[in-house]
Structure formats: C-alpha cells, structure tokens
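Under my numbering, the letters of the sequence shown match residues 186 to 281, in that order.
Remarks on the structure that follows.
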Amino acid sequence: PWPGNVRELRGALAAAVALCEDGRLAAQHLDLPAARPVAVGDSGGGYHARVEAFRRHLLEEALAESRGNLAAAARRLGVSRQYLSQFVKKYGLDVA
Numbered sequence: 186p187w188p189g190n191v192r193e194l195r196g197a198l199a200a201a202v203a204l205c206e207d208g209r210l211a212a213q214h215l216d217l218p219a220a221r222p223v224a225v226g227d228s229g230g231g232y233h234a235r236v237e238a239f240r241r242h243l244l245e246e247a248l249a250e251s252r253g254n255l256a257a258a259a260r261r262l263g264v265s266r267q268y269l270s271q272f273v274k275k276y277g278l279d280v281a
C-alpha cells in the first residue's frame, strides 16, 4: 500500500515519469523506502523538502547535460521552457 495520500502518490508518479528514460517505470524510479538507497547523513526531511530537493537535483542534472541550454533541458525533462525557467529562478541555479 502507498503510505501517503493520493496527491502525494500523484507527485511521486510525476517525479518517477520524469526519471524514466525509455517510458517504463521501475521500482527504482519511485521514492519507496525499499527501492531508494538512503545516503549517509540523510536526514530524510519532510515530504515537501524531499520533493524540492529531488526537483532541484533533476533540474541541475538536466541543465548540466544540456550545457545550460534552457530549451534543451526543458525538452529533456518534458516541460516548457517557461516552467523550467521559473524553477531555475526559484532555486537560483546557474545556467551558464
């Protein structure tokens, strides 16, 4: 059973879909205790803090792979350039 509510499940599935590369979801794409390795010193944090950290990491990775090109990173993530730009500003990410 899913430990959270439906909204949390939707959020977790949206994040998992963003991670899968070939259109297939696997256990490692979901943020489940049995599927996710815990880093040493990982305080866990609350749900929202962990989602924000995950989103930031995902954006940083896409921007690095796209060499700072917002349009290319947005395509890679399957979001609009405007949406990506909003979070780049929110997190103060470097796009150079």
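For glycine and all other residues, C-beta sits at the position ideal for the given N, C-alpha and C.
Excluding the 5 residues flanking it on each side, Tyr-276 has same chain C-beta neighbours closer than 6 Å at Arg-241, in chain order.
Excluding five sequence positions before and after Gly-231, none of the CB atoms of its chain fall closer than 8 Å to its own CB. DSSP, read as helix, strand or coil, puts Leu-248 in helix. DSSP, read as helix, strand or coil, puts Ser-270 in helix.
In the three-state scheme derived from DSSP, where H, G and I count as helix and E and B as strand, Gly-196 is classed as helix.
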